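Colleague: Counting from 1, one number per residue, gives the positions in the sequence shown under full-length UniProt numbering.
Sharing a structure with you now.
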Amino acid sequence: MRTLNAADLSLNTATVSKQWTLEECIEGCKRHGIGGISPWRDKLQECGIDRAAKLIREAGLGVSGLCRGGWYTAEGALTQNVIDDNKRAVDEAAAIGAETLVMVVGGLPEGSKDIVAAREIVTEGLARTLEYARTQGVRIGIEPLHPMYAADRACVNTTGQALDICDKLGDGIGVALDVYHIWWDPEIAAQIRRAGKERIHAFHVCDWMSPTRDMLTDRGMMGEGVIDIPSFRQMVEAEGFDGLVEVEIFSAENWWKKPADDVLAAMVNALPSI
């Protein structure tokens with residue numbers, strides 16, 4: 001494996017979402033020598049797309065991703081509102097030079113128990129978005145989420161399921177792999193090999209706390225929990241992934257309560273655990 005330093009990290013703005021604006025995130029990355037950033041769309045829109053693109057460029061930061069598109073089932077079906085919002089997400093990703101537009105695809109439509117139908121809606125939505133994204137030079141990265149989110153956030157729950165969709169849709173779509181969501185999967189090694197370099201579009205890290213107090217907002221800094229993060233980095237790098245390692249931590253009772261500069265310092269200090 002390559003030896004990582006701070007310049008190989010990317011700050012997903014969710015990690016300090018309660019403390020900093022996007023402008024402050026950009027300045028913080030510069031102070032701590034962190035090489036990249038991955039904005040969430042709310043932070044990007046607050047800053048202004050053009051201004052954010054300028055600030056990121058002037059700071060010399062890479063953009064490992066934009067979070068997030070998807071939510072294709074949010075209105076119960078694939079509505080024009082959902083399609084249009086995903087087109088806007090593609091445009092925003094293009095404007096800031098994001099490596100990939102990360103997709104959290106959506107769970108069951110309200111009142112539905114048909115997860116197969118939900119996945120069909122998602123696949124059609126991704127196809128529609130991908131058709132436009134190709135014209136803008138934007139890659140789409142499906143983020144498979146842990147099965148505990150199947151009902152409300154993402155009905156695509158394994159890397160294998162995500163790659164099945166990629167197989168159907170062709171070029172320009174791959175996976176955004178977050179160790180928080182994939183570490184439990186007994187098929188993950190084979191699926192990472194199946195993805196290969198061309199379809200591993202992003203690699204996200206944090207840690208799984210045991211016990212977990214909240215299934216969304218109790219993630220740990222790398223090295224705090226039970227995930228063997230280096231083993232997953234070794235897998236993706238064996239396939240040729242050499243991009244920024246994106247740190248994305250949701251932590252309502254810990255890291256979101258700390259000064260943001262302390263959080264970024266902890267990210268850099270955690271490099272031996274990645």
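C-beta: ideal position from N, C-alpha, C; glycine also.
Source: prediction; values computed, not measured.
Please state whether the Cβ-Cβ distance between Glu239 and Ile200 is less than 8 Å.
Modeller: Position 239 of the sequence shown, counting from 1, holds the residue named residue 239. Position 200 of the sequence shown, counting from 1, holds the residue named residue 200. Cβ distance < 8 Å, so Glu239 and Ile200 count as in contact.
Colleague: Buried or exposed for Ala14, going by 16 or more other Cβ atoms inside 10 Å?
Modeller: By one-based count along the sequence shown, residue 14 stands at place 14. Buried.
Colleague: Based on Cα-Cα distance, which residue from Glu75, Glu27, Trp40, Glu99 lies nearest to Gly62?
Modeller: Within the sequence shown, the letter at position 62 stands for residue 62. That would be Glu99, whose Cα lies nearest to the Cα of Gly62.
Colleague: Based on the DSSP output, what are the partners of Asn12 in its beta bridges?
Modeller: Indexing the sequence shown from 1 puts residue 12 at position 12. Asn12 is bridged to Ser38.
Colleague: Which residues mark the beginning and the end of the beta strand (DSSP E) in which Ala160 is found?
Modeller: Counting from one through the sequence shown, the residue named residue 160 turns up at place 160. A small correction: the amino acid at residue 160 is Gly; Ala does not occupy that position in the sequence shown. It is not in any beta strand (DSSP E) - Gly160 instead sits in the alpha helix (DSSP H) that spans 159-169.
Colleague: Where does Val156 land, buried or exposed, given buried means 16+ other C-beta within 10 angstroms?
Modeller: Mapped onto the sequence shown, residue 156 falls at position 156. Counting Cβ neighbours within 10 Å, Val156 comes out buried, since at least 16 surround it.
Colleague: What are the start and end residues of the alpha helix (DSSP H) that includes Glu198?
Modeller: To locate residue 198, count along the sequence shown from 1; it is residue 198. Per DSSP, Glu198 belongs to the alpha helix (DSSP H) from 188-199.
Colleague: With a floor of 4 residues, list each alpha helix (DSSP H) that falls wholly inside the segment 216-258, ordered by position along the chain.
Modeller: Complete alpha helix (DSSP H) runs here, min 4: 229-238.
Colleague: For Ala266, which residues in the same chain have their Cβ closer than 6 Å to its Cβ, ignoring the five residues on either side in sequence?
Modeller: The residue labelled residue 266 in the question sits at position 266 within the sequence shown. Excluding positions up to five away in sequence, the list reads Met221.
Colleague: Please classify Glu198: is it buried, with 16 or more other beta-carbons within 10 angstroms of its beta-carbon, or exposed?
Modeller: As a position in the sequence shown, residue 198 is number 198, starting the count at 1. By the neighbour-count rule (16 or more Cβ atoms within 10 Å), Glu198 is not buried but exposed.
Colleague: In whole angstroms, what is the alpha-carbon distance linking Lys257 and Gln19?
Modeller: Here the question's residue 257 lines up with position 257 in the sequence shown. Here the question's residue 19 lines up with position 19 in the sequence shown. Distance between the alpha carbons of Lys257 and Gln19: 8 Å.
Colleague: Considering only DSSP beta bridges, list what Val102 is partnered with.
Modeller: As a first step, residue 102 must be located in the sequence shown, where it is residue number 102. For Val102, which the question treats as bridged, DSSP gives the partners Cys67, Gly141.
Colleague: Suppose you measure from the CA of Ala6 to the CA of His32; what does that come to, to the nearest Å?
Modeller: Here the question's residue 6 lines up with position 6 in the sequence shown. Here the question's residue 32 lines up with position 32 in the sequence shown. Spanning the two alpha carbons is a distance of roughly 8 Å.
Colleague: Can you find at least 3 beta carbon pairs, one from the segment 113-124 and one from the segment 24-43, that sit closer than 8 Å?
Modeller: The answer is no - the segment 24-43 does not touch the segment 113-124, with fewer than three Cβ pairs under 8 Å.
Colleague: Output needed for residue 275: all residues of its chain with C-beta closer than 7 Å, excluding positions within five of it in sequence on either side, in chain order.
Modeller: Residue 275 is absent from the model: the chain starts at 1 and stops at 274.
Colleague: Express the C-alpha separation of Glu75 and Leu11 in angstroms, rounding to a whole number.
Modeller: Walking along the sequence shown from the start, residue 11 turns up at place 11. Walking along the sequence shown from the start, residue 75 turns up at place 75. Taking the straight line from one Cα to the other gives about 31 Å.
Colleague: Gly111 and Thr73 look like a contact to me (Cβ under 8 Å); what is the Cβ gap, rounded to whole Å?
Modeller: On the sequence shown, residue 111 is found 111 positions in, with the first residue counted as 1. On the sequence shown, residue 73 is found 73 positions in, with the first residue counted as 1. Rounded, the Cβ-Cβ distance is 11 Å, inconsistent with contact.
Colleague: Could you tell me how far apart the beta carbons of Ile204 and Leu177 are, in whole angstroms, since I believe they sit closer than 8 Å?
Modeller: Taking the first residue of the sequence shown as 1, we reach residue 204 at position 204. Taking the first residue of the sequence shown as 1, we reach residue 177 at position 177. Correcting the residue type first, residue 204 is His in the shown sequence and not Ile. Between Leu177 and His204 the Cβ distance is about 7 Å, and since that is below 8 Å, they are a contact.
Colleague: With distances taken Cα to Cα, identify the nearest neighbour of Ile173 among Val102, Tyr149, Arg57.
Modeller: Sequence index remark: in the sequence shown, residue 173 carries index 173 (1-based). The shortest C-alpha separation from Ile173 is found at Val102.
Colleague: For a test of the three-state rule: what should DSSP assign to Ile173, helix, strand or coil?
Modeller: If you number the sequence shown from 1, residue 173 lands on position 173. Three-state DSSP puts Ile173 in a strand.
Colleague: Among Leu44, Val247, Glu253, which one has its Cα closest to the Cα of Ser273?
Modeller: Position 273 of the sequence shown holds residue 273. For the residues Leu44, Val247, Glu253, the minimum Cα distance to Ser273 belongs to Val247.
Colleague: If I follow the unbroken alpha helix (DSSP H) through Met267, where does it start and stop?
Modeller: As a first step, residue 267 is located in the sequence shown; it is residue number 267 there, counting from the start. Here the alpha helix (DSSP H) through Met267 covers 260-269.
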